[in-house]
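Remarks on the structure that follows.
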Amino acid sequence: MATTNRPDAPDRDALLRMFEIQQKIKTADERFRAMLTSGQVQLIYYSPRGQECISAGYAVHLRPDDYVVTIYRGLHDHIAKGVPMRELWAEFLGRGTGTCKGKGGPMHVTHPKSGLMVTTGIVGAGIPIANGFGLASKLSGTDQVTVVNFGDGASNIGAFHEGLNMAAVWKLPVIFVCQNNLYGEHTPMAMSTGVEYISERAASYGMPGVTVNGNDPVAMWKVAGEAIERARAGEGPTLIEARTYRFWGHLMGDAMEYMPKEERKAAMAADPLPAFRAWLLDNGHANEAQLAEIEDQIKALVDDAVDFAMNSPEPSMDELYTDVYEEIIK
Amino acid sequence: MTTTEPRIMPMGMAINEAMDVAMGLDEKVFLLGEDIAEPSGGVYKITKGLSTKYGTDRVRKTPISEAAIIGAAVGAAIAGYKPVAEIMIMDFIGVCLDQITNHAAKIRYMSGGQTTVPMVIRTSAGAGRGFGAQHSELLEAFAVHSPGMKVAIPSNPADAKGLLISSIFDADPVLFVEPMLMYWDPTYAGEVPAGDYRVPLGKANTVVEGKDVSLISYGRQVHTCKKAAEELAAEGISAEVIDLRSIVPYDEAAVMASVTKTKRAVVVHEAVTRCGFGAELSSRIHEELFGTLAAPVQRVGGKNIPIPYASNLEKAFLPQVADVVAAVKRTNK
Ligand SMILES: Cc1ncc(C[n+]2csc(CCOP(=O)(O)OP(=O)(O)O)c2C)c(N)n1
Ligand SMILES: [Mg+2]
């Protein structure tokens, strides 16, 4: 981020809330990776590190009753929407105290109380489902909005194209957030995608499309705010392409041999969160003591969540057949 | 005379070798799928080196577009090619099921035999890795229920190679299911014949001979049956283990001969028990051998639930050796 102040920046309260969300994501992510590398826990982990500005940028505009849909790389969206840290950790670790009793796992975190409605492991599949949330809000006359997150790779699957067209035709209050981290698994976007900017695809469905620097919290906040406002006002959907980078490859343990070393180094050197922190200080939005206090509180929050999860029991074996249907059918 | 070292390799390498051999034999064979080209050579490294050897025209990386992948394979197959399409994980078959059941499977019949679809859909599958409900399922029953589709599921590296080469040169579409846990696990490694080695579809393998009960299975669960047979042997029960290798077509003669001899049968697979292939097999055995059977055929399969994430529940989903032993005891009451 530029060190100069920005006339388009949100108020101090929103800036600090964005900082807090990003710091939570970073702290939780670092802890997961540390516990994985030390062998303390074993799980499939898709780090969202590098992409946290995007979630913070839309989440500060949302109300608790707005809906969010996300993907396996979803920790940042879960945290941004306010899924409680303890239950979130417990779900990742497969404990009975998790958001989904340990039955779903990290790829399927669900917490309707926070408005985190669906996490899917099937690329693109959340998009049509988000339309269903939008349709429900529209039919019941509320002004709730739905934000659905997915990757650049997902924009090549049928569900994306069918979903965007339907949302435009029905003028649904849905914001399509394509978190473009430039890779789908091991394939660079340019090798799988016929357009340079995914936002261009919006035009063919008759909805506004915008590309934004997803690592610039102020720009992301602004673009998301406009789209959310339009959706709330009944003016229909928007496709936001937020450009970013995944610091740790597709999943932990990825050899990343398909990612140019220099490219990754440069992306990590431009880490958006320290840059945002410096900008907040330089422009008098916060002082060092305030930010340090937020960071300490978050560290304590994550420590507590890790303790809670690690000391929670596995799900009871009685849960094997529950939740398949409303009643037990074997 | 020189003695050659036995060629011991994991299943992942044997599958790679099968595609290598097939592409070397016939330039109409080509591969398509997500991430299958270098430098990654597939997320499970199954296609490692092949794009370097055969070029990216024949080892084609695709966008994340399962319906378009299978559709392209169907079209190219009708037009005379022998495509081998990879669907990274079997649960994603849901995204392209229309192309499989309505097109790959039915086109020969609907066209009165004028057009045929000689293609392979390779896909990895199986629970036990903490991948959760959408990355762990065995869905072969869908294909079995779609006349026109063949289905093979190997249990060891040699069969994986031999069945895959046969599938690639088969005149019809084959769903080739690869047990993911067996790809690189050295405990499942085995000797693999060199060159153009083929195992025909529809020919079962008697893995363990026995006389008291027939354990009929395929894929990774053949190993569960083998362990169960060892436990049963210690108790004086002689179990025969039959590996079907392919379930469409399946070796009905071998199954009936074995059960005629043992008079008892347990069918075992990882897919959920309800309406799994075991249900079909059990019905066929009852239809053919009702008067011969000493006890009703027993089924052991995955529990009838979505696959849980937590490791204790996931384990409980999977068929265990103890479940097979208990099923055998039920035939011995
Ligand atoms: C339908 C489907 N096909 C393939 C996969 C395997 N897969 C998981 S993530 C992924 C890459 C997705 O890339 P992108 O949409 O850019 O999201 P990112 O992981 O970069 O956040 C693929 C191919 C899947 N989960 N679902
Ligand atoms: Mg991506």
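Chains Y and S, in that order, give the protein sequences. Taking the numbering used here, the leading residue of the first sequence gets 13, the next gets one more, and so forth. Taking the numbering used here, the leading residue of the second sequence gets 5, the next gets one more, and so forth. Yeah, the Cβ is synthetic: ideal placement off N, Cα and C, and Gly gets one too. Small disclaimer: the values here were computed from a predicted structure and weren't measured.
Between residue i and residue j, what straight-line distance do the alpha-carbon atoms span, to the nearest angstrom?
i                     : j                     : result
residue 60 (chain Y)  : residue 283 (chain S) : 43 Å
residue 98 (chain Y)  : residue 91 (chain Y)  : 11 Å
residue 5 (chain S)   : residue 209 (chain S) : Confidence at residue 5 (chain S) is low in this model, with a pLDDT of 49, below 50, so its placement is unreliable and no value can be given for it.
residue 212 (chain S) : residue 132 (chain S) : 25 Å
residue 246 (chain S) : residue 331 (chain S) : 16 Å
residue 95 (chain Y)  : residue 138 (chain S) : 22 Å
residue 321 (chain S) : residue 114 (chain Y) : 14 Å
residue 70 (chain S)  : residue 93 (chain S)  : 11 Å
residue 159 (chain Y) : residue 154 (chain S) : 42 Å
residue 66 (chain S)  : residue 18 (chain S)  : 23 Å
residue 134 (chain Y) : residue 319 (chain Y) : 31 Å
residue 247 (chain Y) : residue 166 (chain Y) : 25 Å
residue 179 (chain Y) : residue 249 (chain Y) : 6 Å
residue 323 (chain S) : residue 233 (chain Y) : 50 Å
residue 251 (chain S) : residue 181 (chain S) : 11 Å
residue 330 (chain Y) : residue 291 (chain Y) : 52 Å
residue 170 (chain Y) : residue 168 (chain S) : 29 Å
residue 140 (chain S) : residue 310 (chain S) : 9 Å
residue 139 (chain Y) : residue 162 (chain Y) : 8 Å
residue 78 (chain S)  : residue 176 (chain S) : 11 Å
residue 70 (chain Y)  : residue 289 (chain Y) : 18 Å
Check the Cβ-Cβ distances between residue i and every residue of chain Y, and say whether any is below 9 Å.
i                     : result
residue 316 (chain S) : yes
residue 331 (chain S) : no
residue 5 (chain S)   : Any reading at residue 5 (chain S) needs caution, since the residue's pLDDT is 49, under 50, leaving its predicted position unreliable; the model's value is listed next. Not one chain Y Cβ lies under 9 Å of residue 5 (chain S).
residue 327 (chain S) : no
residue 72 (chain S)  : yes
residue 22 (chain S)  : no
residue 56 (chain S)  : no
residue 264 (chain S) : no
residue 281 (chain S) : no
residue 321 (chain S) : yes
residue 65 (chain S)  : yes
Measure the beta-carbon distance from residue i to residue j and round it to whole angstroms, keeping in mind my assumption that it falls under 8 Å.
i                     : j                     : result
residue 87 (chain S)  : residue 143 (chain S) : Not really, about 21 Å apart at Cβ, beyond 8 Å.
residue 53 (chain Y)  : residue 87 (chain Y)  : Contact flag wrong, Cβ pair sits at about 14 Å.
residue 159 (chain S) : residue 222 (chain S) : 6 Å
residue 272 (chain S) : residue 219 (chain S) : 6 Å
residue 27 (chain S)  : residue 192 (chain S) : With a Cβ gap of about 25 Å, residue 27 (chain S) and residue 192 (chain S) do not count as contacting.
residue 206 (chain S) : residue 162 (chain S) : About 17 Å separates the two Cβ atoms, so there is no contact after all.
residue 20 (chain S)  : residue 60 (chain S)  : About 17 Å separates the two Cβ atoms, so there is no contact after all.
residue 116 (chain Y) : residue 122 (chain Y) : 6 Å
residue 81 (chain Y)  : residue 130 (chain Y) : 5 Å
At 8 Å on the CB atoms, spell out the chain A contacts of residue i, in chain order.
i                    : result
residue 69 (chain S) : Annotation note: the requested chain A is absent from the structure, which comprises protein chains Y and S.
Using a Cβ-Cβ distance cut-off of 9 Å, determine whether residue i contacts chain S.
i                     : result
residue 62 (chain Y)  : no
residue 326 (chain Y) : yes
residue 33 (chain Y)  : no
residue 341 (chain Y) : yes
residue 250 (chain Y) : no
residue 336 (chain Y) : yes
residue 175 (chain Y) : no
residue 107 (chain Y) : yes
residue 30 (chain Y)  : no
residue 119 (chain Y) : yes
residue 190 (chain Y) : no
residue 116 (chain Y) : yes
Below 8 Å, is the gap between the Cβ of residue i and the nearest heavy atom of ligand 4?
i                     : result
residue 193 (chain Y) : No copy of ligand 4 appears in this structure; the ligands present are ligand 1 and ligand 2.
*Residues in the region 29-51 of chain S with C-beta within 7 Å of chain Y's C-beta atoms, listed in sequence order?*
Of all residues in the region 29-51 of chain S, those with a C-beta nearer than 7 Å to a C-beta of chain Y are 38, 39, 43, 44, 47, reading in chain order.
*Going along the region 117-151 of chain S in order, which residues come within less than 7 Å of chain Y, judged by CB to CB distance?*
Under the 7 Å Cβ criterion, the region 117-151 of chain S contributes 134, 135, 136, 137, 138, 139.
*Contacting positions in the region 262-294 of chain Y - beta carbon closer than 7 Å to chain S*: Identification of residues in the region 262-294 of chain Y having a C-beta nearer than 7 Å to some C-beta of chain S yields 269, 270, given in sequence order.
*Residues of the region 295-319 of chain S with Cβ closer than 8 Å to any Cβ of chain Y, in chain order*: Of all residues in the region 295-319 of chain S, those with a C-beta nearer than 8 Å to a C-beta of chain Y are 307, 308, 309, 310, 312, 313, 314, 315, 316, 317, reading in chain order.
*For the region 122-155 of chain Y, which residues have a CB atom closer than 9 Å to at least one CB atom of chain S, in sequence order?*
Within the region 122-155 of chain Y, the residues whose Cβ lies closer than 9 Å to some Cβ of chain S are 132, 133, 134, 135, 136, 137, listed in chain order.
*Can you list, in chain order, the residues of the region 90-120 of chain S whose Cβ is nearer than 8 Å to any Cβ on chain Y?*
Contact residues of the region 90-120 of chain S toward chain Y are 95, 96, 98, 99 (C-beta to C-beta distance below 8 Å).
*In chain order, what residues of the region 40-74 of chain Y put their CB closer than 8 Å to some CB of chain S?*
Here the close residues are 54, 55, 56.
_Give the list of continuous alpha helix (DSSP H) stretches no shorter than 4 residues that lie fully inside the region 106-174 of chain Y._
Complete alpha helix (DSSP H) runs here, min 4: 138-151.
*asked:* Tell me which residues of the region 207-233 of chain S have at least one Cβ-Cβ distance to chain Y shorter than 8 Å, keeping chain order.
replied: Of all residues in the region 207-233 of chain S, none comes within less than 8 Å of chain Y when Cβ atoms are compared.
*Please list the segments of the alpha helix (DSSP H) lying wholly inside the region 5-74 of chain S, counting only runs of 4 or more residues, in order along the chain.*
If you keep only unbroken alpha helix (DSSP H) runs of at least 4 residues inside the region 5-74 of chain S, you get 15-29, 54-58.
_chain S contacts from the region 194-208 of chain Y (Cβ-Cβ distance under 8 Å)_ = Those residues of the region 194-208 of chain Y placed with their C-beta closer than 8 Å to a C-beta in chain S are 196, 197, 198, 199, 203, 204, 205, ordered along the chain.
*Name, going along the chain, the residues of the region 302-333 of chain Y whose beta-carbon falls closer than 8 Å to a beta-carbon of chain S.*
So the list reads 326, 327, 329, 331, 332, 333, given in the order they occur along the chain.
*Segments of 3+ residues assigned as beta strand (DSSP E) that fall wholly inside the region 78-108 of chain S*: The qualifying runs are 86-93.
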